[in-house]
Each structure stands twice: as C-alpha cells, then as structure tokens.
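Notes follow the structure.
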Amino acid sequence: MTLQEYNRAVDEFSDRIYRFILKSIGDEERAKDIVQDSYEKLWMNISGLEYIKVKSWLFSTSYNTMIDIIRKEKRMLVSDEVRDEESSYEGYSDLNEVLHRCLEKLPDRWKSVLLLRDYEGYSYLEISRITGQSEAQVKTNIYRGRMAMRKMIGNKALVV
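Taken in order, the sequence shown gives residues 1485 to 1644; the numbers are from this note's numbering.
Next up, the structure:
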C-alpha cells in the first residue's frame, strides 16, 4: 500500500469506524483513541497490506482493540440476558431515540453485530471476519439482538 492509499483510507473509513466504535462503547474519547490506534497499526503494517483489504482490516483491528479494552476494564457482559426493565417505550415519538436506548441495553456481542449489519451494511461473511465469530454465530447473535430489541420496544407498531 502506498502513502496516498493510506491517506485515502483515513479519509474514507475513519468516520465510519469512529461511528461504529462510538455506538458500541458510548465513549467519544475512547472511540477516538481506538480509531487512532487502529490507524497506527495500519501504518506499522503499510507494506504488508493491499488497499483493497484495508477496510476490512481496519474494522477487524478496531473491533479487536475495542474488545481488548472492554476486557481490561472488566465491562464485558457475561449474561446472554438483556437487562430487565419494566419500562415501555410506547410514549416516545422519536423512533431513533427508542432504538438507541434499546441498543444500549443489549449485550456487547449482540450490539456489535447489529451495528455492523444494520448501520454499516456489512454482509454476514464480512462480520464473521471482523468479529472472529462463525457466520452461523453472527446470524444467531443478530437474530437474538433483534428479538431482544423487539421485546424491549413492546409495541411492534412503533417499528413498522
């Protein structure tokens, strides 16, 4: 990869990676640090990568860095159960706000794959490569995350 391709990768992918990490961890400063670390790692491996593979490599590296940070801080959720809350979002008129509140309550492994699939538009295979999960596990986690969000929302008419 050339210096021009590296600069192009910064221009094209840094915002998308930042949004993905920010939505996953909810901390702007840590998200910026993770993106910066990922581009630093890319710079260290600039000669060993082709530009066509940079996007996937950056998302994988960012995701793995995020997971490492979460593990170090011991904030990794260990339960497959969604945090139980009796509140219903039927009174809300802003669907975007409702979805974001529900998304924040999901376990990290569900939230990450949902963000990659529904917000970033990655295929199951690409998500599998980014997260290191099997394609079947990615599909299962997306399904479970969507079902949990549907349950939290309560009123299916809100999402239609």
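All residues carry an ideal CB built from backbone N, CA and C; glycine is no exception.
Scanning S1508, T1486 and L1526 for the CA closest to the CA of E1604 turns up S1508. In this structure S1531 is exposed. Its beta-carbon is surrounded by fewer than 16 other beta-carbon atoms within 10 angstroms. With a cutoff of 9 Å on beta-carbon distance, L1590 and L1598 are scored as near each other. C-alpha of V1519 to C-alpha of Q1617: approximately 22 Å in a straight line. Counting the other CB atoms within 10 Å of its CB gives G1629 a total of 16 or more, which places it among the buried residues. Boundaries for M1485: no alpha helix (DSSP H) harbours it, and the DSSP string shows neither H nor E there. A buried status is given to S1522, since no fewer than 16 other beta-carbon atoms sit within 10 Å of its beta-carbon.
Counted as a single uninterrupted DSSP element, the alpha helix (DSSP H) harbouring I1614 occupies residues Y1608 to T1615. Rounded to whole angstroms, the separation of the alpha carbons of M1633 and L1583 is 8 Å.
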